[in-house]
Amino acid sequence: EAGVAQSPRYKIIEKRQSVAFWCNPISGHATLYWYQQILGQGPKLLIQFQNNGVVDDSQLPKDRFSAERLKGVDSTLKIQPAKLEDSAVYLCASSLGQTVAKNIQYFGAGTRLSVL
Amino acid sequence: QKEVEQDPGPLSVPEGAIVSLNCTYSNSAFQYFMWYRQYSRKGPELLMYTYSSGNKEDGRFTAQVDKSSKYISLFIRDSQPSDSATYLCAMSKAAGNKLTFGGGTRVLVKP
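Taken in order, these protein sequences are the chains called L and F.
Under the numbering used here, think of the first position of the first sequence as 3, with each following residue one higher.
Under the numbering used here, think of the first position of the second sequence as 488, with each following residue one higher.
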């Protein structure tokens, strides 16, 4: 079974530029998550989708970050404009659904963003 | 104060030793507790998943949850150099909810 796919793996941009990340979840997984992991810290949830609807975006900096999940499958996360403090690894995760037995989140390898 | 606290390490042990990791948390609403392993430049990989208080064993790994003390532990027996990684505890309030992670403990198992 293929895992969570993310691209690109690495991205270097200058501050105030825009950037987009792409995620393809495990086939059949209804729930998709985007996490931000700053160096030396644990991942922090940015946004959670259930199919193509937003479940939780309370920690998403909406003035600069946006995300969408068209057709309830792939998802993109965008930052515009980027700030230095956005340098982090952006992790995508997916799970089957919201019941106990199906709540295991599987993570992709992440996109490492450096903002100069 | 962070919701989930975890000693960053590094924790260095000789091969074959028992690795003991732990996390404390402040929010009594957490019901589901997980341990993830993260190798350098990789995504987190689930090791253990437990609900409420108690112990769970899977091969060389044992997870313990003490909700009364708001304290969870992970033990790795017969540690191997391949166990060298960062170990993240994570917890959620309900199935399907977001995970709240600790900062991770870096473990180094020396041959």
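Beta carbons are placed, not taken as given, at the ideal position from N, Cα and C, and that holds for glycine.
Given the structure is predicted, the values throughout are model-derived calculations rather than measurements.
With contacts defined as CB atoms closer than 7 Å, Tyr-108/L and Ile-14/L fail to qualify as a contacting pair. The C-beta separation of Thr-113/L from Arg-11/L comes to about 6 Å, placing the pair in contact by the 8 Å criterion. Taking the Cα positions, Ala-7/L is about 14 Å away from Gly-30/L. DSSP, reduced to helix, strand and coil, places Ser-569/F within a helical segment of the structure shown.
Taking every protein chain shown into account, the CB of Val-491/F has 16 or more other CB atoms within 10 angstroms, so this residue is buried. Taking 4 residues as the minimum length, the stretch 517-555 of chain F contains no alpha helix (DSSP H) run wholly inside it. Under the rule that a run must span 3 or more residues, the beta strand (DSSP E) segments found entirely inside the stretch 31-61 of chain L read 33-39, 46-52 and 55-58.
Under the Cβ criterion (8 Å, minimum of three pairs), the stretch 569-582 of chain F counts as touching the stretch 508-519 of chain F. Contact between Leu-48/L and Phe-67/L holds, with the beta-carbon distance rounding to 7 Å and staying under 8 Å.
Neighbours of Phe-109/L across chain F, judged by C-beta separation under 9 Å: Tyr-523, Gln-525, Lys-529, Gly-530, Pro-531, Glu-532 and Leu-533. Separation of the CB atoms of Ser-560/F and Val-594/F is rounded to 14 Å, and the pair is thereby denied contact status at 8 Å.
The Cβ neighbour count for Asp-88/L, taken over all protein chains shown within 10 Å, is at least 16; the residue is labelled buried. Remark: C-beta atoms of Val-596/F and Glu-532/F do not approach each other more closely than 7 Å. Taken in chain order, the complete alpha helix (DSSP H) segments of 4 or more residues contained in the stretch 71-113 of chain L number zero; there are none. Legend: CB atoms of the stretch 16-33 of chain L lying less than 7 Å from CB atoms of chain F belong to residues Thr-33. Within the same chain, and ignoring the five residues on either side of Leu-508/F in sequence, the residues whose Cβ sits closer than 6 Å to its Cβ are Leu-561, Tyr-574 and Thr-592.
Rounded to the nearest whole angstrom, the C-alpha separation of Gly-583/F and Ile-40/L is 23 Å. Listed in chain order, the non-local C-beta contacts of Asn-542/F below 6 Å within the same chain comprise Gln-551, local neighbours out to five positions each way being set aside. Ranked by Cα distance from Arg-71/L, the options Ala-111/L, Ser-116/L and Gln-52/L are led by Gln-52/L. Annotation: Arg-547/F to Asp-565/F spans about 7 Å, alpha carbon to alpha carbon. Between the alpha carbons of Gly-42/L and Gly-590/F lies a gap of roughly 7 Å.
Among the CB atoms of chain L, one or more fall inside 7 Å of the CB of Leu-575/F.
For Val-6/L, no beta strand (DSSP E) encloses it, and the DSSP letter there is neither H nor E.
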